[in-house]
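Okay, so here's the structure we're looking at.
Protein chains in written order, with this note's numbering: chain P, 1 to 253; chain V, 1001 to 1253; chain H, 2001 to 2253.
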C-alpha cells in the first residue's frame, strides 16, 4: 500500500485460498494484458478467457505465456467445455487443454441440458488432469433453480473433485444469482452459505453494486469473479472499505 | 482458429462483401489502434471515426496510416458530412476527403432535414470521388420512419450510387432501428429484408443483444456496424455460435 | 483542429480558468496514462485519482510524474480525505500530500457527517498548503439537499479558500445533482447559477446526456468533471456542436 491507514480489514495474500479475484479477459491484446497486470497482478488470483473467446483470439499461446510468467492461472470459459460436449468431443477437449498447457478448466452446464450425475462424472475425470472449477446456475433467465437444489449441486460437484464452485451470473450480471434487474437474490445466497464453506465458492459479480453486496455480506476476503480487468483496482478499494459504498463497513464501531 | 470445432457456420473471408463488421473508433490513441488491430484485424472490414471526432483527434494522419497499412478502409462519420452541409460547405468537405486520402465517405441526414432527392444528388456526386456508404434513419427519438419509407429511401440511395446503406442506431443503440429500450423493431427489419438484399445493408448494432438478434435472423454473415473495438472478438463468437446467446443456433438439428 | 469549420464556439485554451475538463483516473496503468494523454492532453485540465484508488495503485509516483511532465495537475479523490478524517488523521493526510508532492487536494463530506464550519476550517487550513477543490453534495441517494443549502455551502466554501466547488454526482451519475435515473435536477442547477459564478463550479457529469445538458445550459466552456479518459474526445465534440446531440446548438440562427 502506498501509505499507512488504520482500520483496514486484513487481506489475504497470494497464493490466496480465499479472498480470490477471478478476472474475465474477453479478448485483450498482449499489451493490454501487460497493462492490466501492471495494476492488477497482486489483486488477481485467476483469469478466465471468457466463454469461447479462445477459439478466435489471435496470439493465444503468447497470451497464456504472459499470464504464466506472472504466476496467474488461466482457464477457458465453461461455454467452451460445453461446445465440445454438445458436439460429443470430450476427448478432443482434453487434448486441447494439454496442447495449450492448461492447468485449470471450468465445467458448466449453462447453455445445455446435462444430468447432475453426468456433470459430476466429467468433474471426476477432468480433475485427474487439471484443477477443476465447476459452475452452478443457468444462463437462461427463465430457469429459476431453487436454493435447496443449488446447495445439492454444489455439494455434489465439490465431492466429485471440483476445487471451487462458481455461482453463475453471466457477464452482464442478470441471471442465476441475480434477478434480471441485476439485484442479488439475497435469500438464495444466505441459504447457500449455511451449507457450503464460503472459501469454496466464487461468486460471479461483474457489477459494482454486486461486489459491494458480497463484501458487506461475506467480508473483505470474499471470492468474486467475472471482474473486468479495469475494475480490479476499484474492487480492491471496495474490499478495503475505501470506496463510498463500503466506507463505514470496516470502521471500529 | 486456435483448434478444430465442428458445426461452426462458414464465415466469409476478407475482403468480404457480406459478413462485414464495421467498427467505431471514437478517439483511440495510436497504440490503442495497434492493440485493437492485433486482436481484431481479421474480423474488421471497415472502421468509422465516429461522428466528427476526426476534427479534434490528435495525430489523425498517423492514425489513418496505421489503418491503411492494415488494409482496413476508414471513413469519417456521417455527422461530419452533415456539419459541412449545414454550413453550405460541400466543396470544402470534398477537398478535406482528398487532403486526408479518404477512399470512403458516409452520407447521412440524421441531424438535419434533407430532401431525399438532395441526398441522392450528394450520393451521386460523392460516389465519383469515393466509395459511399449512406445512412438511413434519424438520430431523433421522436421521428419514427415507417417501413415502406425506409425501403424507398434505401432503394433510391443504392440506385444513386451508394455501395452499402446503413441502418441507423446511434452509438447507444436506442433510436432508428431500435426502440428507446434498445429492443429491435423486428417488423421493420423483416420488411426491409423482403425488398433489399441483405448484403447491401449494414445494421448498426452496438449492443450485444442486438448483435445476437441480427445473427439469429440473418445468419453468421450479417453485416453489422458501430461495434466497439473491444467487442469485436465477442461479436465473432456470437457469429460462430460460440457464446451462450447463439450456442444452439448453428448446431445440427 | 484538423481542418477548418465555421460556426464553432470559441473554446478557452490552457491554462483554462473556465471550460475545464476534470478527468477521473480510476486505476490506469502507466502506458494507459500515456495513451490517454496522447489524445486527451489538450482537452484535459485536471485529473482526479478516483476516491482512494491511490492507496492500492501500483507505481503511483511514476504515474504522478507522467501527469506532471504533461503539465496536468492531479489530486486524490475526496473519499481519501474523508478516510483520514474519519480516522482522526488529518495531519497524516497533510504529510502524505507533501510526500507525494501534491499541489491540489479535494475536501468532501460525501461519506461522513461533517459540520459546515468544520469543513470550512479544513478548507482554510489545507488551502495554505495546496489548491483546494471542495465538493458539495452527498453520495447518499436518500439525502436530498435543497437548493438554498447547496448555494449557502458553496458560498461558504469558496470564501473559506476553495479554488473551485464541485457539484457531486458520484462516478455513476445517479446522486447529488442527478436523480437516481441519471436525469439532471434542472431547477437545482439553475438556482445555483443565479448565485455562484459558473467558472467557480465544476459539475460532475460522467454520462453523455448530462454533458450535453450542461453544454446546452451553460455553454461550450462549462466546467465538467468525472469524465472517463476515453470520453474526453467525445466531450470535446459535444462542446463544439459536433456531435448529434448539440449539432444545432451553436449554429447561426
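Glycine included, every Cβ here is placed at the ideal spot set by N, Cα and C.
Small disclaimer: the values here were computed from a predicted structure and weren't measured.
Residue burial classification, residue 2014/H (beta-carbon count within 10 angstroms, cutoff 16): Exposed is the call here.
Own chain residues within Cβ distance below 7 Å of residue 2124/H, not counting five before or after: Same-chain partners within the cutoff: 2160, 2161.
The beta strand (DSSP E) enclosing residue 5/P, as first and last residue numbers: No beta strand (DSSP E) holds residue 5/P; DSSP gives it neither H nor E.
Host beta strand (DSSP E) of residue 187/P (start-end): Note, residue 187/P: premise wrong, no beta strand (DSSP E); alpha helix (DSSP H) at 186 to 195.
Identity of the residue in 1214/V, 1232/V, 1207/V nearest residue 1198/V by Cα: Proximity to residue 1198/V across 1214/V, 1232/V, 1207/V peaks at 1214/V, based on C-alpha coordinates.
Residue interval of the alpha helix (DSSP H) (run including residue 91/P): If you look at residue 91/P, you'll find it in the alpha helix (DSSP H) that goes 90 to 99.
Contact set between the segment 2072 to 2086 of chain H and chain P, restricted to residues whose Cβ is under 8 Å from the partner: With the criterion set as a beta carbon lying under 8 Å from some beta carbon of chain P, the members of the segment 2072 to 2086 of chain H are 2079, 2080, 2082, 2083, 2084, 2086, in sequence order.
Where the beta strand (DSSP E) containing residue 167/P begins and where it ends: 164 to 167 is the extent of the beta strand (DSSP E) around residue 167/P.
Secondary structure of residue 2119/H, DSSP reduced to three states: Residue state for residue 2119/H is assigned as helix, using DSSP reduced to three classes.
Which of helix, strand or coil DSSP assigns to residue 255/P: Residue 255/P lies beyond the residue range present for chain P, which begins at 1 and ends at 253; the question has no answer from this structure.
Members of the segment 2226 to 2237 of chain H near chain V, C-beta cut-off 9 Å: For the segment 2226 to 2237 of chain H, which is checked against every Cβ of chain V, the residues closer than 9 Å are 2230, 2231, 2232, 2233, 2234, 2236, 2237.
Continuous alpha helix (DSSP H) stretch holding residue 1066/V: start and end: Per DSSP, residue 1066/V belongs to the alpha helix (DSSP H) from 1060 to 1069.
Closer than 9 Å to chain V by CB, residue 152/P: Put simply, the CB of residue 152/P is far from chain V, with every gap to its CB atoms at 9 Å or more.
Residue 4/P versus residue 233/P: straight-line alpha-carbon distance, rounded: The alpha-carbon atoms of residue 4/P and residue 233/P are separated by roughly 18 Å.
Neighbourhood of residue 1045/V by C-beta distance below 6 Å, restricted to the same chain and skipping five residues each side: Correct list, in chain order: 1016, 1020, 1021.
Contact list for the segment 2095 to 2123 of chain H against chain P, Cβ threshold 7 Å: Listed by position along the chain: 2096, 2110, 2111.
The segment 1045 to 1068 of chain V: positions lying closer than 9 Å to chain H by Cβ: So the list reads 1050, 1051, 1052, 1053, 1054, 1055, 1056, 1057, 1058, 1059, 1060, 1061, given in the order they occur along the chain.
Reduced DSSP category for residue 2247/H - H, G, I as helix; E, B as strand; rest coil: In the displayed model, residue 2247/H falls within coil according to three-state DSSP, outside both helix and strand.
Rounded separation between residue 2027/H and residue 1252/V - CA only: Rounded to whole angstroms, residue 2027/H to residue 1252/V spans 46 Å at the Cα level.
Under 7 Å by beta carbon: chain V residues contacting residue 31/P: Neighbours of residue 31/P on chain V, chain order: 1035.
Any chain V beta carbon closer than 9 Å to residue 2004/H: Output row for residue 2004/H: interface = yes.
Straight-line Cα distance separating residue 228/P from residue 1083/V: When only Cα atoms are considered, residue 1083/V and residue 228/P end up about 37 Å apart.
Proximal residues of chain V, C-beta to C-beta of residue 2185/H below 9 Å: Taking a Cβ-Cβ threshold of 9 Å, none of the residues of chain V is close to residue 2185/H; the smallest such distance is about 22 Å.
C-beta contact flag for residue 35/P and residue 2029/H at 9 Å: In this structure, residue 2029/H lies closer than 9 Å to residue 35/P by Cβ.
Paired residues, beta bridge with residue 105/P - DSSP: For residue 105/P, which the question treats as bridged, DSSP gives the partners 132/P.
Candidates 2208/H, 2195/H, 2163/H: closest to residue 2184/H by CA position: The shortest C-alpha to C-alpha distance from residue 2184/H to any of 2208/H, 2195/H, 2163/H is the one to 2208/H.
Whole-angstrom distance between residue 2060/H and residue 2093/H, CA atom to CA atom: Cα-Cα distance, rounded: 16 Å.
For residue 2225/H: DSSP bridge partner residues: Paired residues: 2204/H.
Beta-carbon gap between residue 1203/V and residue 1212/V smaller than 9 Å: No, they are not a contact pair.
Alpha helix (DSSP H) segment containing residue 30/P, residue limits: Residue 30/P -> alpha helix (DSSP H) spans 30 to 40.
Contacts around residue 2054/H, its chain only, beta-carbon distance under 7 Å, and the 5 residues preceding and following it disregarded: 2060, 2076, 2080, listed in sequence order.
Neighbour flag for residue 1014/V against chain H, beta carbons, 9 Å: It does not: the Cβ of residue 1014/V has no partner Cβ on chain H nearer than 9 Å.
Residues near residue 2192/H by beta carbon distance below 8 Å, same chain, minus five either side: Answer for residue 2192/H: 2147, 2150, 2151, 2154, 2167, 2201, listed in chain order.
Under 7 Å from the C-beta of residue 24/P: neighbouring residues of chain H: Against chain H, the beta carbon of residue 24/P has no neighbour under 7 Å; the closest one sits roughly 16 Å away.
Residue 1085/V (DSSP reduced to helix, strand or coil): If DSSP states are grouped into helix, strand and coil, residue 1085/V belongs with the helices.
Through-space distance from residue 12/P to residue 2088/H, alpha-carbon basis: Between the alpha carbons of residue 2088/H and residue 12/P lies a distance of about 26 Å.
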